[in-house]
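A short write-up of the structure that comes next.
So this is what it looks like as structure tokens:
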């Protein structure tokens with residue numbers, strides 16, 4: 007079984023400073039790590055490989071330092087990492103990002119299953135997985151909370167749809183976006199971490215892709231442009247009350263009753 | 234007493250009668266001064282009413298140092314400002330803060346400083362809600378003390394107010410106060426003095442450049458002798474590669490791991506860590522700091538070899554790097570202490586009077602194996618549960634007795650005295666990382682040398698002849 011996982015390097019903390027021209031977060035000097043929602047996606051791929059054999063690879067798009075996120079995946083046990091990195095890819099929105107990743111995955115081999123995390127902590131759209139599936143013309147299931155069974159030609163999984171859980175059987179190739187609750191991801195092991203630093207990352211540039219028209223990538227290939235990034239203004243302040251125990255209990259009960267919570 | 238500054242102890246202030254040791258005290262009134270002038274007013278009022286003062290910071294202490302024994306509680310949590318930052322000509326980074334700044338806020342404020350390099354304050358007693366004043370009062374050490382040393386090493390100056398409301402600026406290490414007080418370096422009395430000699434109203438901290446590389450590694454052992462063997466090798470290992478040093482080496486037994494695992498689902502800082510294998514009998518956490526990634530990695534490789542020789546499954550180790558990720562493993566270690574404290578909190582609801590039965594012991598000159606075996610056998614013989622964790626260097630362990638009832642609690646109190654006597658010749662002089670307070674006083678007094686005790690009593694007589702400050706801490710007054 008051949009599995010690909012899409013991962014992203016994101017800032018661990020950000021004060022929301024953005025490039026006014028491109029409308030993207032300024033990442034220089036920020037501590038970065040693999041997006042936490044991608045960790046269960048990597049874990050899912052590794053567990054499937056442990057059960058069914060085959061390979062588990064990762065794909066990421068970003069500047070060259072995003073290779074560090076791929077090394078994190080190596081330290082967890084991933085076989086091969088591909089980094090789509092080219093000046094032409096910068097400033098991409100969901101449309102252009104998903105197209106770039108789809109092109110990269112398509113060019114790297116024939117994958118049975120592509121796994122994405124639920125969303126990223128910086129872009130937060132949660133739409134890249136579905137868009138990749140669309141570009142590759144393969145079925146997609148989001149909100150996957152469990153892998154129920156796996157066969158040589160298909161996978162059966164549990165998917166959360168608003169208020170209900172459904173069981174879905176999908177034929178390969180297909181793409182799933184896993185919920186964070188699917189697995190607690192494994193830690194990097196020390197030998198894995200040491201080996202990861204020495205392992206190469208395959209860099210894919212625009213010229214390596216089947217479609218190398220720069221107009222289809224980055225800012226040029228994007229359908230949307232971010233005007234402004236800013237933290238939401240706090241308009242509601244919760245009052246702090248200092249009361250004795252009996253009064254505090256009465257006050258809490260009043261609030262709960264007013265909000266119809268009880 | 235002034236209405237807006239001093240409040241009588243009523244229902245609302247009950248939580249201020251206790252700290253993390255779960256020892257509960259009593260007091261007449263409490264204040265939350267916001268500046269030195271308000272402290273001075275409170276002191277004057279307390280003096281007028283013949284009350285003593287107990288100083289409080291974050292109430293995170295586990296020795297009951299901030300638990301009042303009557304009188305007034307001077308809570309410094311509102312004195313929480315970072316006041317200035319400067320770099321000296323000698324290249325020292327000095328940050329002046331009020332005593333109520335928590336370690337969490339301190340870290341945040343340091344990040345915001347207009348410094349060219351990333352800086353940090355090394356003392357790290359792992360509890361982020363502890364205040365700088367509390368850390369100074371206990372001269373805390375924490376996780377990385379084997380590399381960085383104790384808190385007083387990173388305090389440049391303190392401003393102290395006495396019972397007359399007079400403030401004195403003390404440059405640490407300066408011996409000019411000798412003529413006046415007869416004490417060579419009065420800063421040493423206040424740092425680690427548990428608030429018994431005056432109230433610290435301001436501290437100037439020495440910040441260091443952050444190490445460029447930080448790695449945290451957890452090694453799991455399927456049997457305790459393997460963990461002990463690894464610990465011995467760590468202690469004896471002298472060929473540290475240039476540019477990398479071990480900053481922390483922590484031991485944790487299975488009982489501690491189980492307590493952490495139980496709390497994990499409800500502890501946000503660690504709930505996303507995977508479960509520790511049920512086969513693990515013990516864990517050792519090692520943190521490496523260095524300026525150079527290659528040197529740190531080389532050290533990690535050597536540790537891996539050493540661990541494999543002690544039958545560690547290499548693939549089952551946990552290894553992370555960078556402050557953000559290392560923080561998760563530190564949080565795991567911190568939950569050890571917190572779990573023991575919460576166990577006591579829970580049982581004290583059923584059996585009021587039970588408080589922390591933890592120790593802060595150096596077993597210098599003995600092997601970790603013999604120390605852990607001794608504690609476990611002693612606890613077992615007396616029908617007591619015990620969890621053991623702590624610092625490998627210096628065998629500075631924190632065994633915590635977990636009593637099921639009052640009878641076991643009283644038995645535990647006796648056993649801890651036995652352990653203290655067995656720990657080493659002068660434990661009272663060495664084991665004050667958490668403070669002595671009231672909870673550990675009996676153990677301290679049973680083991681402290683006559684000379685040290687006399688010295689402390691003399692200092693108290695000189696600096697606080699009326700017994701105004703923090704009565705009940707450390708010595709009988």
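Chains as they are written, first to last, in the numbering used here: chain A, 7 to 268; chain B, 234 to 710.
Positions of the beta carbon are idealized from the N, C-alpha and C atoms, including for glycine.
Please read these numbers as outputs of a predicted model, since none were measured by experiment.
Run the CB neighbour count on residue 593/B, radius 10 Å, all protein chains shown included, and call it buried at 16 or more, exposed below. Against the second chain, residue 593/B aligns to sequence position 360. Counting Cβ neighbours within 10 Å, residue 593/B comes out buried, since at least 16 surround it.
Do the region 143-151 of chain A and the region 64-79 of chain A touch if we need at least three Cβ pairs shorter than 8 Å? no
I need the boundaries of the beta strand (DSSP E) containing residue 374/B, first residue and last residue. As a first step, residue 374/B must be located in the second chain, where it is residue number 141. No beta strand (DSSP E) contains residue 374/B, which DSSP labels as neither H nor E.
CB contact below 8 Å: residue 251/A versus chain B: One-based indexing of the first chain puts residue 251/A at position 245. Yes, contact with chain B.
Uninterrupted alpha helix (DSSP H) stretches inside the region 74-147 of chain A (no shorter than 4 residues): 100-114 and 134-142
Whole-angstrom Cβ separation of residue 123/A and residue 47/A, contact assumed at under 8 Å? Start at 1 with the first residue of the first chain, and residue 123/A comes out as number 117. Start at 1 with the first residue of the first chain, and residue 47/A comes out as number 41. About 5 Å separates the two Cβ atoms, so the contact holds.
Need the endpoints of the alpha helix (DSSP H) that residue 497/B sits in, please. For the purposes of this step, residue 497/B is identified with residue 264 of the second chain, where counting begins at 1. Element bounds for residue 497/B: n/a, residue is neither H nor E.
What's the gap between the Cα of residue 289/B and the Cα of residue 632/B? For the purposes of this step, residue 289/B is taken as residue 56 along the second chain, with counting starting at 1. For the purposes of this step, residue 632/B is taken as residue 399 along the second chain, with counting starting at 1. Roughly 26 Å separates the two Cα atoms.
Indicate the three-state DSSP secondary structure (helix, strand or coil) for residue 317/B in the structure shown. Translated into positions along the second chain, residue 317/B becomes position 84. DSSP places residue 317/B in strand when its eight states are reduced to three.
When we look at the beta-carbon of residue 347/B and count the other beta-carbons within 10 Å, is it buried (16 or more) or exposed? As a first step, residue 347/B is located in the second chain; it is residue number 114 there, counting from the start. By the 10 Å Cβ count, residue 347/B comes out exposed.
Could you tell me which whole beta strand (DSSP E) segments of length 3 or greater appear in the region 312-363 of chain B? 315-320 and 326-330
Spatial distance of residue 89/A from residue 371/B (CA atoms): Here residue 89/A is taken as the residue at index 83 of the first chain, counted from 1. Here residue 371/B is taken as the residue at index 138 of the second chain, counted from 1. Taking the straight line joining both Cα atoms gives about 50 Å.
With a CB to CB cut of under 6 Å and the five nearest residues on each side skipped, what residues in its chain are close to residue 380/B? Taking the second chain and counting its residues from 1, one reaches residue 380/B at position 147. Closer than 6 Å at the Cβ level, and outside the excluded window around residue 380/B, lie 478 and 480.
I need the boundaries of the beta strand (DSSP E) containing residue 484/B, first residue and last residue. If you number the second chain from 1, residue 484/B lands on position 251. That run of the beta strand (DSSP E) goes 477-486.
Range of the contiguous alpha helix (DSSP H) that encloses residue 264/A: Stepping through the first chain from its first residue, residue 264/A is reached at position 258. Note, residue 264/A: alpha helix (DSSP H), 251-264.
CB contact flag (residue 138/A, residue 120/A, <8 Å): For the purposes of this step, residue 138/A is taken as the residue at position 132 of the first chain. For the purposes of this step, residue 120/A is taken as the residue at position 114 of the first chain. Result yes, Cβ atoms of residue 138/A and residue 120/A sit closer than 8 Å.
Is residue 492/B helix, strand or coil by DSSP? Counting from 1 along the second chain, the entry for residue 492/B is found at position 259. Looking at residue 492/B - three-state DSSP - the assignment turns out to be helix.
Suppose you measure from the CA of residue 106/A to the CA of residue 64/A; what does that come to, to the nearest Å? For the purposes of this step, residue 106/A is identified with residue 100 of the first chain, where counting begins at 1. For the purposes of this step, residue 64/A is identified with residue 58 of the first chain, where counting begins at 1. Taking the straight line joining both Cα atoms gives about 14 Å.
I'd like to know if residue 136/A contacts chain B, where contact means its C-beta is closer than 8 Å to some C-beta of that chain. Numbered from 1 along the first chain, position 130 holds the residue referred to as residue 136/A. No, its Cβ sits nowhere closer than 8 Å to a Cβ of chain B.
Proximal chain B residues relative to residue 194/A, where beta-carbon distance stays under 8 Å: Position 188 of the first chain, counting from 1, holds the residue named residue 194/A. Simply 551, 552 and 553.
So is the beta-carbon of residue 343/B under 7 Å away from any non-hydrogen atom of the ligand GDP? As for the ligand GDP, it is missing from this structure, which has no ligand bound.
Using a Cβ-Cβ cut-off of less than 7 Å, give me the residues of the region 341-369 of chain B that come near chain A, in sequence order. none
Inter-residue Cα distance where the pair is residue 289/A and residue 102/A: Past the boundaries of the shown model lies residue 289/A; chain A is included only from 7 to 268, so the question cannot be answered.
Can you tell which of 245/A, 16/A and 10/A has the C-alpha that lies nearest to the C-alpha of residue 75/A? Looking up residue 75/A in the first chain gives position 69. Taking only the C-alpha atoms, the option nearest residue 75/A is 16/A.
Candidates 512/B, 458/B and 675/B, of which the one nearest residue 600/B by Cα: Counting from one through the second chain, the residue named residue 600/B turns up at place 367. Minimum Cα distance to residue 600/B is reached at 458/B.
DSSP three-state assignment for residue 572/B, whether helix, strand or coil: By one-based count along the second chain, residue 572/B stands at place 339. Correct three-state label for residue 572/B: helix.
Residue environment, residue 259/A, which counts as buried when at least 16 other CB atoms sit within 10 Å: Counting from one through the first chain, the residue named residue 259/A turns up at place 253. Under this definition residue 259/A is an exposed residue.
For residue 652/B and residue 529/B, believed in contact at Cβ under 8 Å, the rounded distance: Along the second chain, one-based indexing puts residue 529/B at 296. Along the second chain, one-based indexing puts residue 652/B at 419. With 8 Å as the limit, residue 529/B and residue 652/B do not qualify as a contact, their Cβ atoms being about 36 Å apart.
Same chain only: Cβ atoms within 6 Å of residue 706/B, ignoring 5 sequence neighbours per side: Position 473 of the second chain, counted from the start, is the residue given in the question as residue 706/B. For residue 706/B, where only same-chain residues beyond five positions count, the Cβ hits under 6 Å are 298, 427, 429 and 670.
Among the residues of its own chain, which have a CB less than 6 Å from the CB of residue 162/A, if the five just before and after it don't count? The residue labelled residue 162/A in the question sits at position 156 within the first chain. Cβ neighbours of residue 162/A beyond the five flanking positions: 154, 155 and 175.
At the level of alpha carbons, what is the spacing between residue 609/B and residue 618/B? Translated into the one-based positions of the second chain, residue 609/B becomes position 376. Translated into the one-based positions of the second chain, residue 618/B becomes position 385. Approximately 9 Å, taken between the alpha carbons.
Buried or exposed: which applies to residue 660/B, given that a residue is buried once 16 or more other Cβ atoms fall within 10 Å of its Cβ? Locating residue 660/B in the second chain gives position 427, counting from the first residue. Low per-residue confidence applies at residue 660/B: pLDDT is 49, beneath 50, and the placement is therefore not dependable, though the value from the model is reported in the following sentence. Result: buried.
Neighbour-count burial assignment, residue 307/B, 16 or more Cβ in a 10 Å radius: Within the second chain, the letter at position 74 stands for residue 307/B. Looking at its Cβ environment, which holds 16 or more other Cβ atoms inside 10 Å, residue 307/B is buried.
The beta strand (DSSP E) that contains residue 634/B, what's its start and end? Within the second chain, residue 634/B is the residue found at index 401, counting from 1. Residue 634/B -> beta strand (DSSP E) spans 629-634.
Who are the Cβ neighbours of residue 342/B in its own chain at under 6 Å, not counting the five residues just before and after it? In the second chain, the residue the question calls residue 342/B occupies position 109. Answer for residue 342/B: 315, listed in chain order.
Against residue 197/A, what residues of chain B qualify as contacts under a CB-to-CB distance less than 8 Å, listed in chain order? In the first chain, the residue the question calls residue 197/A occupies position 191. Under the 8 Å cutoff, chain B gives 537, 547, 548 and 550.
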